[in-house]
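To keep things clear, I will list the structure first and then write my remarks on it.
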Amino acid sequence: MTSADPPEAAGRIPRVVLAWGLAGLIPFLGLPVLALAAPGLEGLADRALGFYAAVILSFLGGARWGLEIRSERPDPGVIALSMVPSVAAWVLIASPGLPINTLQLPALATALALSWLWDIRSERPPPWFARLRSLLTAGAVAGLAAGALS
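Shown next, in the form of structure tokens:
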């Protein structure tokens, strides 16, 4: 690495990416706190947490899709699998009657963890991506677990 190389060339997470990633944890961690602090808002906080997790899961699938289409020959299997997080999130959130705390939030946490496994084993993302995803997934799963337990 030369002095002209950007910090991410050394494997450091770019500051802007880290800052926005950490900001994205605010709903994951703040909504369970709201549910505990204001029991009358528990149902609303839990539903908002589930919707937010679904949005993030869809975002992660889109990120994988975006990485793959940069290739001259995108892998059809990766393109198809990158749609799974969005579909899974939609099914979990759109299914009436699924209990939010005992099924939806734990299932969303599991889906985020599976997406994380895929991401940390992939060769396409930049070298720092696995560390970023590990940090953010840990925060998201912790928030979903707290929501499920509230």
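For the sequence shown, position 123 matches number 138 in this note's numbering, and the numbering has no gaps at all.
We put the CB at the ideal spot given by N, CA and C, even for glycine.
Sorted by chain position, which residues of the same chain lie with C-beta nearer than 8 angstroms to residue i's C-beta, five sequence neighbours on each side aside?
{"i": "LEU40", "result": "LEU151, GLY154, ALA155, GLY158"}
What would DSSP say about residue i, mapped onto helix, strand or coil?
{"i": "PRO141", "result": "coil"}
{"i": "PRO29", "result": "coil"}
{"i": "GLY45", "result": "helix"}
{"i": "ASP134", "result": "helix"}
{"i": "LEU113", "result": "coil"}
{"i": "ALA68", "result": "helix"}
{"i": "GLY39", "result": "coil"}
{"i": "MET16", "result": "Any reading at MET16 must be qualified, since the residue scores a pLDDT of 49, below 50, and its modelled position is unreliable; no value is offered."}
{"i": "ARG88", "result": "coil"}
{"i": "SER149", "result": "helix"}
{"i": "SER73", "result": "helix"}
{"i": "ALA53", "result": "coil"}
From residue i to residue j, what does the alpha carbon distance come to, in whole angstroms?
{"i": "GLU87", "j": "ALA104", "result": "29 angstroms"}
{"i": "PRO171", "j": "SER110", "result": "For residue 171 there is no data in the structure shown, the boundaries of the chain being 16 and 165."}
{"i": "ALA122", "j": "LEU46", "result": "17 angstroms"}
{"i": "VAL99", "j": "GLY76", "result": "7 angstroms"}
{"i": "ALA145", "j": "ASP134", "result": "7 angstroms"}
{"i": "SER169", "j": "GLU57", "result": "Past the boundaries of the shown model lies residue 169; the chain is included only from 16 to 165, so the question cannot be answered."}
{"i": "THR125", "j": "ILE108", "result": "14 angstroms"}
{"i": "VAL93", "j": "LEU82", "result": "10 angstroms"}
{"i": "ALA163", "j": "LEU51", "result": "12 angstroms"}
{"i": "ASP20", "j": "TRP131", "result": "Bear in mind that a pLDDT of 46 at ASP20, under 50, signals an unreliable position, so the number given afterwards is only what the model happens to contain. Near 28 angstroms, if we compare the C-alpha coordinates of TRP131 and ASP20."}
{"i": "ALA1", "j": "LEU127", "result": "Only positions 16 to 165 of the chain appear in the structure, and residue 1 is not among them; the question remains open."}
{"i": "PRO54", "j": "ALA161", "result": "14 angstroms"}
{"i": "LEU118", "j": "SER149", "result": "23 angstroms"}
{"i": "VAL32", "j": "GLY112", "result": "37 angstroms"}
{"i": "LEU129", "j": "LEU49", "result": "27 angstroms"}
{"i": "ASN116", "j": "ILE71", "result": "18 angstroms"}
{"i": "VAL106", "j": "ALA78", "result": "20 angstroms"}
{"i": "ALA84", "j": "SER73", "result": "Correcting the residue type first, residue 84 is Ile in the shown sequence and not Ala. Taking the straight line joining both Cα atoms gives about 17 angstroms."}
{"i": "TRP80", "j": "ASP90", "result": "10 angstroms"}
Going along the chain, which residues of its own chain have a beta-carbon closer than 7 angstroms to the beta-carbon of residue i, five neighbours each way excluded?
{"i": "GLY36", "result": "LEU147, LEU151"}
Under a Cβ-count criterion, where at least 16 other Cβ atoms within 10 Å of its own Cβ denotes burial, should residue i be classed as buried or exposed?
{"i": "ARG136", "result": "exposed"}
{"i": "ARG30", "result": "exposed"}
{"i": "MET16", "result": "Only weak support exists for where MET16 lies, its pLDDT of 49 falling under 50; the coordinates are left without a value."}
Between residue i and chain C, is the shortest Cβ-Cβ distance under 9 angstroms, so that the two count as touching?
{"i": "PRO91", "result": "The question asks about chain C, but that chain is absent: this structure has only one protein chain."}
Using a Cβ-Cβ cutoff of less than 6 angstroms, which residues in the same chain neighbour residue i once the five nearest sequence positions on both sides are dropped?
{"i": "GLY26", "result": "PRO142, TRP143"}
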